[in-house]
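Quick notes on the structure that follows.
Protein chains: 2
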Amino acid sequence: MDYDEPLFFHVIQYAHHADRDVVDMVSGNPDWDPPAALREGLHEYADAPTAAFQYPPSDGLRELREEIAERRNVDPSRVIVTIGGGEANYLAMARAMERDAGDEFVLTDPVYPYYPGKAQMLGGRVRMVPVHENGQLDMDAMREAITDETVCIVVNTPNNPTGAVYPRETIEELVSLAEAHDALLLADEVYDHFDFSGDFESALTIDSDHRIVTSSYSKTFAITGFRVGYAVFPESLVEKAKTRHMLVNVTGARPSQAAVLAALQSTGPEYYEDVRDSLRTRIDAFCDALDAAGADYTRPEGAFYVLARFDGFPGTMENVKTLIDEAGVAGMPGEAFGTARDEWIRFALCTPRAQEAAERLAEYFS
Amino acid sequence: MDYDEPLFFHVIQYAHHADRDVVDMVSGNPDWDPPAALREGLHEYADAPTAAFQYPPSDGLRELREEIAERRNVDPSRVIVTIGGGEANYLAMARAMERDAGDEFVLTDPVYPYYPGKAQMLGGRVRMVPVHENGQLDMDAMREAITDETVCIVVNTPNNPTGAVYPRETIEELVSLAEAHDALLLADEVYDHFDFSGDFESALTIDSDHRIVTSSYSKTFAITGFRVGYAVFPESLVEKAKTRHMLVNVTGARPSQAAVLAALQSTGPEYYEDVRDSLRTRIDAFCDALDAAGADYTRPEGAFYVLARFDGFPGTMENVKTLIDEAGVAGMPGEAFGTARDEWIRFALCTPRAQEAAERLAEYFS
Chain P
1133 MDYDEPLFFH VIQYAHHADR DVVDMVSGNP DWDPPAALRE GLHEYADAPT AAFQYPPSDG
1193 LRELREEIAE RRNVDPSRVI VTIGGGEANY LAMARAMERD AGDEFVLTDP VYPYYPGKAQ
1253 MLGGRVRMVP VHENGQLDMD AMREAITDET VCIVVNTPNN PTGAVYPRET IEELVSLAEA
1313 HDALLLADEV YDHFDFSGDF ESALTIDSDH RIVTSSYSKT FAITGFRVGY AVFPESLVEK
1373 AKTRHMLVNV TGARPSQAAV LAALQSTGPE YYEDVRDSLR TRIDAFCDAL DAAGADYTRP
1433 EGAFYVLARF DGFPGTMENV KTLIDEAGVA GMPGEAFGTA RDEWIRFALC TPRAQEAAER
1493 LAEYFS
Chain E
1133 MDYDEPLFFH VIQYAHHADR DVVDMVSGNP DWDPPAALRE GLHEYADAPT AAFQYPPSDG
1193 LRELREEIAE RRNVDPSRVI VTIGGGEANY LAMARAMERD AGDEFVLTDP VYPYYPGKAQ
1253 MLGGRVRMVP VHENGQLDMD AMREAITDET VCIVVNTPNN PTGAVYPRET IEELVSLAEA
1313 HDALLLADEV YDHFDFSGDF ESALTIDSDH RIVTSSYSKT FAITGFRVGY AVFPESLVEK
1373 AKTRHMLVNV TGARPSQAAV LAALQSTGPE YYEDVRDSLR TRIDAFCDAL DAAGADYTRP
1433 EGAFYVLARF DGFPGTMENV KTLIDEAGVA GMPGEAFGTA RDEWIRFALC TPRAQEAAER
1493 LAEYFS
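The listed protein sequences derive, respectively, from chains P and E. Residue numbering for the first sequence follows the numbering used here, beginning at 1133 and increasing consecutively. Residue numbering for the second sequence follows the numbering used here, beginning at 1133 and increasing consecutively.
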């Protein structure tokens, strides 16, 4: 299993060189607009005095950490502003390894490929636990997999690629399991603003010294290239994570942090609601057409990906290329996310042409 | 020995709370203006379409890598755009450890404190080699220190804190030593635009599979907070470094990269020359006043720091605080950089009040 990025580029490039029009449903890069205040914030920053162009505090601009802390109802000292969710997860997983309490990472299958990639880079072993057909965790299997060798349990809710949103009981039990086995629970909540079920529960609502929550503004504000995310650590774990952050990156980019701060301060709830509405419309249209194509699929409770399975057409790279050439639709092969969904193809709803794509699929498979 | 950053903040905070006016010569944050094109580039980027706000390639915007590669006369495939010089050095040092060719880092004393901090975080041992009084490397001592256990030799030219610029023969011998002992030479050239001696020689002019060169736009363009640096790896080492960069940070901040690209494309040599002229004036004024104060000091050949020693007044944190309170000048204690210069105090010339500070010192010590 390879990481997301190279495979992702491989599919994108194949689609670009295709001899026909292709609807790109490969990448999870938002195609909608960031908040207006974000662009204004960046303009304002561009005219700031030279002193504002120098290092922010290593753990992020004070006002930004305070805005985050207030929203997440934690003390600002527990917040580290990171280079997107990517660094936030790296810091959390590295912090778990540093505790000398084992070396095994328990991940789900299917999985966001960066997690096993990071685990291996950190010298950890990886154990992947298949989820239920509906994307929910198989808690019997999780209980069996989590042992005293477990250093960290990594979950993503709302989930990429399954679209599942884990209920409160799941998060509670994961925290209990982490505590019982002296492991850490890492809850990656990067899609927290994309919950369509109303069931999303942040792991931060369950007090524990054994869980770390990460998130990012990449998807929230449609700015994957700005690299502003954050991690919320327990007090007992945060100092060493701050040291690593400083030794690896010194600090994050201040223009990006200033723009995100401006967006946080001036963006009302209607921005987030409008984006969700637009995504709901895309989900409905895409799923209706999948019905017409006779495909199995999971309707996402959160995030913005749909996993679909077409009879006799497993989610291999070869079949993904065939779909690009013959149907004009590009998705990600399910085998990129582990073995549990290698029959499936992931379609990202980051295009206004989601319905058109689904119609092409319906026609191709009819 | 602690890292630069916390000690640095400690001194800054002490100076801020002093009961008098203090000239801040603690931090190496430029106080001069970035190129006009940089601000314009950021404004232009702020109005770009949403697609331009998404992930750049993991190793950096293609045009930016090409600009860097052309200036450094290397193939763009060898360039990774990083989160400032900090991540560039981290990637280089981590790459050295991954080769399983030892575990010892050979550093200079005095040293930029992030190097030993990174080495320790990576699980390496640290061996520090005192430099000559004039800041040049003691090559006999270096030859003795570099063994088959050496994984990486880290040097910084022009040097912080000594101001030394290493001649070509030094760089050539360091490359030879690295090759002979299957180690890597890491040359951190972050001050490459601040050579007043005319003797600066980039390690890139010496072809070898055993040297990595890092640099950054933090000082070059007076934007330490933008976090845009780069590393140039040998072909044989670059792929694994790219993977680590991706797994730790995914990619760098695109607003920062876009602004730096605009500055590179539109900034003529007079910008760099003007900054150097202004620094030369500060160096002369400061050193003249140190003469009047009867201090030992090293006149920098490059970078923008002056190490000074006042008779019977060693560079301890306590004495640095005394200078803040009684002379109104804040510097960095020499003990922050190792033991070889613990009698000295480092003054950063990042203030228009350098001459005034020197006059205060002259008066205090007269």
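Think of the CB as a built atom: it goes at the ideal place given N, C-alpha and C, for glycine as much as any other residue. Computed from a predicted structure; not experimentally measured.
Among the CB atoms of chain E, one or more fall inside 8 angstroms of the CB of Ile1215 of chain P.
Annotation for Pro1245 of chain P: no alpha helix (DSSP H) segment contains it, and DSSP assigns it neither H nor E. Short of 6 angstroms from the beta carbon of Asp1428 of chain E, and not among the five residues preceding or following it, lie these beta carbons of its own chain, in chain order: Arg1441. Using a Cβ-Cβ distance cut-off of 8 angstroms, the stretch 1346 to 1353 of chain E and the stretch 1334 to 1354 of chain P are not in contact, since fewer than three pairs of beta carbons, one from each stretch, lie closer than that value. The beta carbon of Arg1171 of chain E sits closer than 8 angstroms to some beta carbon of chain P.
By the C-beta density criterion, Arg1343 of chain P is buried, having at least 16 other C-beta atoms within 10 angstroms. DSSP places Ala1273 of chain E in the helix class (H, G or I) of the three-state scheme. One alpha carbon belongs to Ala1184 of chain P, the other to Asn1266 of chain E, and they sit about 35 angstroms apart. Under the 8 angstroms Cβ criterion, the stretch 1394 to 1410 of chain E does not count as touching the stretch 1244 to 1261 of chain E, having fewer than three qualifying pairs. From the listed residues P:Ala1489, P:Arg1376, P:Leu1139, P:Thr1430, the smallest Cα separation to Ala1220 of chain P is found for P:Arg1376.
Taking a Cβ-Cβ threshold of 7 angstroms, the residues of chain E close to Thr1356 of chain P are Gln1186, Tyr1187, in chain order. Put simply, the CB of Leu1379 of chain P is near chain E, with a gap under 8 angstroms to one of its CB atoms. Here DSSP, grouped into helix, strand and coil, assigns Ser1347 of chain P to strand. Per DSSP, Gly1361 of chain E is not a residue of any alpha helix (DSSP H); the beta strand (DSSP E) it occupies stretches across 1361 to 1364. A straight-line Cα-Cα distance of about 18 angstroms links Ala1180 of chain P and Ala1394 of chain E. Judged by beta-carbon spacing, Met1157 of chain P lies within the 8 angstroms limit of Ala1489 of chain P, meaning their Cβ atoms are closer than that value. Around Asp1314 of chain P, no beta-carbon contact reaches into chain E at under 9 angstroms, the shortest distance being about 22 angstroms. Pro1401 of chain E: member of the alpha helix (DSSP H) spanning 1401 to 1424, first to last residue. At the C-beta level, Pro1293 of chain P and Phe1469 of chain P come within 8 angstroms of one another. The secondary-structure analysis by DSSP pairs Thr1282 of chain E across a beta bridge with E:Glu1236.
Fewer than three Cβ pairs drawn from the stretch 1412 to 1431 of chain P and the stretch 1184 to 1199 of chain P lie within less than 8 angstroms of each other, which leaves the two stretches out of contact. Between the alpha carbons of Gly1234 of chain E and Glu1281 of chain E lies a distance of about 4 angstroms. Checking the DSSP bridge columns, you'll see Asn1288 of chain P partnered with P:Asp1320.
Taking 8 angstroms as the cut-off, the beta carbon of His1313 of chain E is found closer than this to the beta carbon of Ile1278 of chain E. Contact check for Gly1160 of chain P against Ala1480 of chain P passes: the beta carbons are separated by less than 8 angstroms. The continuous alpha helix (DSSP H) containing Thr1302 of chain P extends over residues 1300 to 1312. Put simply, the backbone Cα of Ser1190 of chain E is about 15 angstroms away from that of Asn1381 of chain P. By the Cβ-count criterion, Thr1483 of chain P is buried, with 16 or more other Cβ atoms from all chains shown falling within 10 Å of its own Cβ. With 16 or more other Cβ atoms inside 10 Å of its own Cβ, Gly1463 of chain P counts as buried. Within the stretch 1219 to 1251 of chain E, those residues whose Cβ lies closer than 8 angstroms to any Cβ of chain P are, in chain order, Glu1219, Tyr1222, Tyr1246, Gly1249, Lys1250. The shortest CA-to-CA distance from Thr1337 of chain P to any of P:Gly1357, P:Val1360, P:Glu1301 is the one to P:Glu1301.
Rounded to the nearest angstrom, the gap between the Cα atoms of Trp1164 of chain E and Thr1214 of chain E is 23 angstroms. The DSSP-derived three-state label of Gly1434 of chain E is strand. Residue contact check for Ala1394 of chain P against chain E: no CB pair falls below 8 angstroms. Below the 9 angstroms Cβ cutoff, chain E contributes no neighbours of Met1157 of chain P, its closest Cβ being approximately 15 angstroms away. Annotation: Pro1167 of chain E to Arg1414 of chain E spans about 20 angstroms, alpha carbon to alpha carbon.
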